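Trainee:
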Amino acid sequence: DPFVTDPARDPSLRVLTAKPCNAETPPEALSDFLTPNPTFYVRNHMWVPVVEEPESEYRLSIELPDGEEKSYTIKELKERFPMHKITVTLQCSGNRRKDMTVHAKQTNGLQWTAGAISSAEWEGVKLRDVLADAGIGALGQKLPEDARHVQFMGLEAYGASIPISKAIDPLGDVLLAFKMNGEELPRDHGYPLRVVVPGNVAARSVKWLRKIVVSDEESLSQWQRRDYKCFGPNVSNPDWTKAKSIQEMPITSAITSVLSPSSTEESRNQLTVEGYAYSGGGREIVRVDISTDGGKSWDQAELLSDSTKGSKAWCWKRWRYTGPCRSCDETTLVVKATDEAYNTQPESYEAIYNPRGNLATAWHRVSYAPGT
Ligand code: MTE
Ligand code: MO
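Counted from 1, the sequence shown has number 19 at position 19 by my numbering; the numbering is strictly sequential.
1) Tell me where the beta strand (DSSP E) around Glu69 begins and ends.
2) Let's test the definition: count the other Cβ atoms within 10 Å of the Cβ of Pro250 and tell me whether it reaches 16, buried, or not, exposed.
3) Starting from Met180, trace the beta strand (DSSP E) both ways and give me its first and last residue.
4) Could you tell me the boundaries of the alpha helix (DSSP H) in which Lys336 lies?
5) What do you reckon, is the C-beta of Gly154 under 7 Å from a heavy atom of the ligand MTE?
6) Just tell me which of Pro82, Ser56, Glu347, Leu64 has its CA closest to the CA of Lys75.
7) Kindly examine the ligand MO and report whether one of its heavy atoms sits closer than 7 Å to the Cβ of Ser93.
8) Out of curiosity, what's the CA-to-CA distance linking Ser291 and Asp329?
9) Between which two residues does the beta strand (DSSP E) containing Lys317 stretch?
10) When the Cβ atoms of the stretch 46-64 are set against those of the stretch 131-138, are three or more pairs found closer than 8 Å?
11) Say yes only if the C-beta of Arg97 is nearer than 7 Å to one or more non-hydrogen atoms of the ligand MO, and no if none qualify.
12) At which residue ranges does the stretch 45-96 contain complete beta strand (DSSP E) runs of 3 or more residues, listed in the order of the chain?
13) Can we count Pro250 as close to the ligand NAP, meaning its CB is less than 7 Å from some heavy atom?
14) Which value, in whole angstroms, describes the spacing of the CA atoms of Asp293 and Arg204?
15) Kindly indicate the opening and closing residues of the alpha helix (DSSP H) around Ile352.
16) To the nearest angstrom, how far is the alpha carbon of Trp223 from that of Phe231?
17) Quick test of your reading: Ser31 and Ser257, contact by CB under 8 Å. State the CB separation rounded to the nearest angstrom.
18) Closer than 7 Å to a non-hydrogen atom of the ligand MO - does that hold for the CB of Ala362?
19) Taking 7 Å as the cut-off, is the CB of Ala203 close to at least one heavy atom of the ligand MO?
20) Take Glu284 and list the residues in its own chain whose beta-carbon comes closer than 7 Å to its own, dropping the five residues that flank it on each side.
21) Whose CA, out of Pro82, Glu217, Ala202, lies closest to the CA of Arg148?
22) Could you give the distance in angstroms between the alpha-carbon of Phe33 and the alpha-carbon of Asp306?
23) Val51: which of Pro163, Trp208, Leu60 sits nearest, CA to CA?
24) Taking DSSP as the reference, what is the three-state secondary structure of Lys244?
25) Would you tell me roughly how many angstroms separate the C-alpha atoms of Ser93 and Val48, rounded to the nearest one?
26) Let me confirm a value: Gln141 is counted as buried when at least 16 other C-beta atoms fall within 10 Å, else exposed. Which label applies?
27) Could you have a look at Lys166 and say whether DSSP puts it in helix, strand or coil?
28) In three-state terms, what does DSSP make of Asp146?
29) Consult DSSP for Gln222 and reduce its assignment to one of helix, strand or coil.
30) Within the same chain, show all residues whose beta-carbon is closer than 8 Å to that of Thr344, passing over the 5 residues directly before and after it, in chain order.
31) Cβ of Leu110 within 8 Å of Cβ of Arg96?
32) Distance check for Met46 and Lys19, CA to CA, integer angstroms please.
33) On the three-state DSSP scale, how would you describe Trp28?
34) Verify the contact flag: His149, CB atom, against every heavy atom of the ligand MTE, threshold strictly below 7 Å.
35) Following a CB-centred definition, is Arg187 positioned closer than 7 Å to any heavy atom of the ligand MO?
As structure tokens, this is what we get:
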């Protein structure tokens with residue numbers, strides 16, 4: 001049983017599968033701006049690799065398009081490159097998949113609710129600095145034509161890739177991270193080294209990173225070539241080669257808590273609703289619309305001004321709404337968000353249905369009965 005060496009886990013995580021461990025952040029922890037490490041969601045495809053002496057034993061190797069290979073110990077990475085701290089939200093492409101199943105039809109994959117998303121302050125060195133040292137992508141230097149993708153390989157067998165443009169973008173902030181919220185990376189989240197790709201689907205933030213390959217091709221893994229893609233709502237048996245891999249995430253939002261109005265007559269029809277909104281590509285959330293009558297009328301939530309680190313808006317925005325509950329018998333609360341490019345969320349899950357239930361970003365609806 002390769003799972004016997006998996007780490008102990010916080011009992012408040014909402015476990016979907018135990019082996020491999022797939023567990024959501026509980027709603028209480030979703031109200032924190034930075035998710036505490038023990039309740040940061042866990043998405044493992046396999047077991048958690050055991051790494052005993054990383055400072056001396058662990059080497060990250062980098063293979064260039066001409067076949068040349070360089071390698072770095074953890075100590076070298078820490079000593080030779082400037083350290084950076086960046087606040088980044090990671091979100092699984094399957095976040096809210098269960099909503100798509102409930103509101104459209106059956107989807108195939110872990111039935112996440114709104115907790116396959118979490119945020120942390122990550123600390124490490126920039127991938128672009130290390131690649132430049134290895135001989136690729138320094139500012140002002142011409143890129144070889146066959147340097148198109150940067151592939152990442154984990155210690156188990158997981159792998160994925162990102163386009164070279166993201167990897168070497170001075171404002172792209174891709175990190176090789178050693179720390180998470182000021183602590184050493186927990187084993188579940190990639191100890192001793194993980195790549196963090198801000199703004200992209202979390203599937204590209206490969207944990208237990210052992211090798212980087214700069215290539216003319218995307219990663220050959222199924223997680224690059226198959227699973228994380230979307231198709232038209234009519235396509236039930238997709239030709240996986242025909243769609244683009246998910247990279248930058250689309251905009252989404254969710255309600256994470258509804259506070260019942262207090263019992264005084266005056267505030268009886270007041271409601272407080274809280275949640276998050278997030279968009280990929282570093283696009284900032286600029287507006288969150290709330291409806292307390294199933295989407296017939298709208299109001300705006302207050303955006304909380306949490307302070308972030310990094311070149312772009314890589315982190316979710318928390319929001320809060322207190323207002324009259326318009327049709328205050330049984331009702332549906334709805335949230336949708338808008339980002340700085342004026343992207344907004346689709347109204348229905350049917351319109352974005354795909355059999356793998358990826359990117360279930362439709363308006364988030366929560367039923368609410370006063371007095372409950
Ligand atoms: N990296 C490795 N090596 N193995 C994995 O199973 N899962 C990916 C990504 N990186 C995975 C991985 C997926 S699909 C997600 S959503 C994120 O890690 C989850 O990161 P977390 O467990 O730190 O929340
Ligand atoms: Mo994921």
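Beta carbons are placed, not taken as given, at the ideal position from N, Cα and C, and that holds for glycine. Every value quoted in this text rests on a predicted model; they were computed, and no experiment measured them.
Mentor: Let me lay it out:
1) 69-73
2) buried
3) Run containing Met180: 175-180, per the beta strand (DSSP E) assignment.
4) It is not in any alpha helix (DSSP H) - Lys336 instead sits in the beta strand (DSSP E) that spans 331-339.
5) Between the ligand MTE and Gly154, a heavy atom-to-CB distance of less than 7 Å is present.
6) Ser56
7) yes
8) 14 Å
9) 317-324
10) Three or more Cβ pairs closer than 8 Å define a contact, and the stretch 46-64 meets that threshold against the stretch 131-138.
11) For the ligand MO, not one heavy atom lies less than 7 Å from the Cβ of Arg97.
12) 59-63, 69-73, 83-91
13) Because the ligand NAP does not appear in the structure shown, any question about it cannot be addressed here, the ligands present being the ligand MTE and the ligand MO.
14) 38 Å
15) Ile352 -> no alpha helix (DSSP H), and no H or E assigned at all.
16) Each residue's Cα considered, the two are about 16 Å apart.
17) About 6 Å separates the two Cβ atoms, so the contact holds.
18) no
19) yes
20) Ala313, Asp339, Glu340
21) Taking each of Pro82, Glu217, Ala202 in turn and checking the Cα distance to Arg148, the smallest one comes out for Glu217.
22) Roughly 7 Å between the two C-alpha positions.
23) Trp208
24) coil
25) 21 Å
26) exposed
27) helix
28) Here Asp146 carries a coil assignment [DSSP, helix/strand/coil].
29) helix
30) Excluding positions up to five away in sequence, the list reads Ile251, Lys336, Ala337, Thr338.
31) no
32) 8 Å
33) The residue asked about is misnamed: residue 28 is Glu in this sequence, not Trp. Helix at Glu28.
34) no
35) No, the beta carbon of Arg187 sits no closer than 7 Å to any heavy atom of the ligand MO.
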